[in-house]
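Report on the structure given below.
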Amino acid sequence: MAVSAALPTAARDLHGIAAYGWAFSGFLVASVVGMVLAGQISDSAGPRLPLAVGLVAFAAGLALAGTATWMPQLIAGRVVQGLGSGLLITACYVVIGECYADEVRPRLFAAISSAWVVPSLVGPLLSGAVTQHLSWRWVFLGLLPFVVLGSILMVPTLRGLAPHGRRATALARPGRIVHAIAVAAGIVALERAGQHLGLPSIALAVVGLAALLWGLRTLLPAGTFTLRRGTPAPIAMRGLLAGAFFGVESVIPLALTVQHGFGATEAGLPLACSGVTWAIGSYVQGRPPRGDEDRHRVRLVRYGMALIALAVMLVAVAVHPGAPGWLMYPAWGIAGFGAGLALSTVSVLLLKYTNDRDRGSDSAALQLADATGSAFTTGLAGVLVAAAARVAIGYTAAFTILALGMAALAVLGSTAAGRLRAPAPPGR
């Protein structure tokens, strides 16, 4: 979050504006590969190695980018940083599954969500101030002490993690990395295609979608696209949630700017509102249930997705020029609360349904579903905005079509929440 605010200035200083997009694309591609790689290694030898390598890679990427003298070095730093990020996020899920009991995990995910609040609110502002008054380099280099501190705090955990036996070779084959690269390339292609209209963009979108589906067919558990009970259902629900939420969030500042004339600060406030309410929603889901645990978790996801659907419908009203723009603030606060309820719950259910042999790959699949779901809908948002910019359709129509589509996704998630119930025991 903080680094993103410094990248435009860094690209200008390094005379690399033309390659600016690759600072994001390179990070994304490497992070997807890191997710899958961490899942494989965790399943074969435990999460200790991907955690250690992820921390080193993330720190090395920051140092490489912070000392960059030309744009390719900055991009290389972002790639290494992305690899470390992907390794860490999957390995952390595996550690949670291995080291914490079922009843503790909801509170742990609530704490993780709370840890995002301050960085999401302060990070971009602090990054902008450091870039303006010191140097963009210190945005990268200034994060290194925090990575070192985090590494030191992780040492007891790393020592306490014991390696475990190898899983089936069919799921540990090197070809999965090729599929991960295909997924990452597909995500990048969809995002790039969404920036323009025309036959080249359509062709790029088709190729990207084909690569995405080809890769996901191997990397996601069988039954994900039909929400099969067990681990596939939480993974699919994570994709629906990310798609519905981030597809709309990607256009909220633009909608407030174009439709209501809001300034940059006012247009970005709904995102800050959702960051706070997301943490509150996650805290609520972390409270111990009074009744049946499975039913309680299903209700949390159903209510969370329903709240996202309600919020998106309010956004569909607020994007009209005649409607009050301030309606976007409570609307997106509601969406954040719903996402906090549902997303943490989905993570809890995945770790409950998986097993020691598959925990790494299932955790990676959860992150892939999140990344691909949000990439697909933000790409769609880009297509609609590009069409509006060319006056093929108006901005009001573009924003409304997007909001209604994402509301339908959220309603689908709420309706299908029953698929998250625990699978029936074998033989029944």
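If you count by this note's numbering, then the sequence shown holds residues 118 to 545, one letter each, in order. C-beta: ideal position from N, C-alpha, C; glycine also.
| Item | Value |
| --- | --- |
| How should residue 308 be labelled, buried or exposed, when 16 other C-beta atoms within 10 angstroms of its C-beta is the threshold for buried? | buried |
| Report the option in 180, 378, 172, 190 whose CA atom is closest to the CA atom of residue 207. | 172 |
| Ignoring anything shorter than 4 residues, give me the alpha helix (DSSP H) runs that lie fully in the stretch 133–182, in order along the chain. | 137–162 |
| Could you tell me whether the Cβ atoms of residue 481 and residue 153 are closer together than 8 Å? | yes |
| Buried or exposed for residue 292, going by 16 or more other Cβ atoms inside 10 Å? | exposed |
| Just checking my contact of residue 432 with residue 445 at CB under 8 Å: how many whole Å lie between their CB atoms? | 6 Å |
| Out of 149, 187, 212, point me to the one whose CA is closest to residue 202's CA. | 149 |
| Have a look at residue 498 and residue 449 and give me their C-alpha separation to the nearest angstrom. | 17 Å |
| Does the distance from the C-beta atom of residue 328 to that of residue 302 stay below 8 Å? | yes |
| Assuming residue 358 contacts residue 456 (C-beta within less than 8 Å), just tell me the rounded distance between them. | 7 Å |
| Looking at the unbroken alpha helix (DSSP H) that takes in residue 195, where does it start and where does it end? | 188–216 |
| Apart from the five residues just before and just after residue 483, which ones in its own chain have a Cβ nearer than 6 Å to its Cβ? | 352, 355, 467 |
| Would you kindly work out how many angstroms separate the C-alpha atoms of residue 408 and residue 454, rounded to a whole number? | 22 Å |
| Does the contact criterion of 3 or more C-beta pairs under 8 Å hold for the stretch 487–495 versus the stretch 359–371? | yes |
| Out of 167, 123, 193, which has the shortest C-alpha to C-alpha gap to residue 146? | 193 |
| Would residue 157 be called buried (16 or more neighbouring beta carbons within 10 Å of its own) or exposed? | buried |
| With burial defined as no fewer than 16 other Cβ atoms inside 10 Å of the residue's Cβ, what is the status of residue 163: buried or exposed? | buried |
| Evaluate residue 216 with the Cβ neighbour count: other Cβ atoms within 10 Å of its Cβ, from every protein chain shown; 16 or more gives buried, anything less gives exposed. | exposed |
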